[in-house]
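Some notes on the structure that comes next.
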Amino acid sequence: FERAEMWKIYLPMMLAGVVAMVLAAIFAEVKNRFREVMLFGIVLLLTSLVFMGLGQEQNRLIWFVAALYFFFMGFNVFEPIFPSLVTRSTTSETKGTAMGVYNFAQFIGHFVGATVAGALYVNNYLIFILLLAVAEIWFFYLTLSFQNPEKKIKTK
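Right, dumping it as structure tokens:
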């Protein structure tokens, strides 16, 4: 693909991510299946890692494109449900503070994660993939013990 044609990869990928995000939010909120949605997101991220490794090993663009699709779908699964879980776990008096801390941690995580991932990727791709796989497997293990929050009954 030429640079001018990259939209042919990124536009459908972003649309797939948005569809995954909307479906995940609906399933998690309406059916109260946060745990299952998180496990599905982790599986998508692990699949992305496998495809990324295949792309690196075989030097084929199609594997990287597939990895990007699975990554954006997996990542976008978490975007609507984490803030919802934060607000569900706090009182009405502390929701603002909890969301502020959540947003701060999210931005710090993006900065540190991107910096460390970039350094690992440039210096040793295999260690980068291995550490990501270990982190995702650990996240999967922790999510198995996660209990879905109790549905709040709306009162008038």
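Heads up: the sequence shown runs through residues 58 to 213, numbered per the numbering used here. Using N, Cα and C, we set each Cβ at its ideal position, and we do this for glycine too.
State the DSSP-derived secondary structure class of residue 133, mapped to helix, strand or coil.
Here DSSP, grouped into helix, strand and coil, assigns residue 133 to helix.
Just the C-alpha distance for residue 126 and residue 80, rounded to the nearest angstrom, thanks.
Within the model, the alpha-carbon separation for residue 126 versus residue 80 is close to 16 Å.
Please report the Cβ distance between residue 138 and residue 94, rounded to the nearest whole angstrom; I am assuming they are in contact, meaning their Cβ atoms lie under 8 Å.
A Cβ-Cβ distance of about 6 Å is found for the pair residue 138 and residue 94, placing them in contact under the 8 Å criterion.
Whole-angstrom distance between residue 158 and residue 150, CA atom to CA atom:
C-alpha separation (whole angstroms): 14 Å.
On the three-state DSSP scale, how would you describe residue 117?
Residue 117: coil per DSSP, three-state reduction.
Measuring alpha carbon to alpha carbon, tell me which of 189, 119, 183 ends up nearest residue 171.
The shortest C-alpha separation from residue 171 is found at 189.
Mind checking which residues open and close the alpha helix (DSSP H) that includes residue 160?
Per DSSP, residue 160 is one residue of the alpha helix (DSSP H) stretching across 152 to 180.
Straight-line CA distance for residue 191 to residue 84?
Straight across, the Cα-Cα distance linking residue 191 with residue 84 is about 27 Å.
In whole angstroms, what separates the C-alpha of residue 62 from that of residue 148?
Whole-angstrom Cα-Cα distance: 49 Å.
Which of the three DSSP states, helix, strand or coil, is assigned to residue 146?
In the structure shown, residue 146 sits in coil (DSSP, three-state: anything other than H, G, I, E or B).
Alpha carbon to alpha carbon, how far is residue 115 from residue 156? Give it in angstroms, no decimals.
Rounded to the nearest whole angstrom, the CA to CA distance from residue 156 to residue 115 is 43 Å.
By Cβ distance below 6 Å, which residues in the same chain neighbour residue 208 in space, the five residues on each side in sequence not counted?
Apart from sequence neighbours up to five positions away, the residues of its chain that approach residue 208 with a beta-carbon distance below 6 Å are 89, ordered along the chain.
Rounded to a whole number of angstroms, what is the C-alpha to C-alpha distance between residue 168 and residue 87?
Spanning the two alpha carbons is a distance of roughly 33 Å.
Is residue 120 near residue 106, with beta carbons less than 7 Å apart?
Residue 106 is positioned such that its CB atom lies no closer than 7 Å to that of residue 120.
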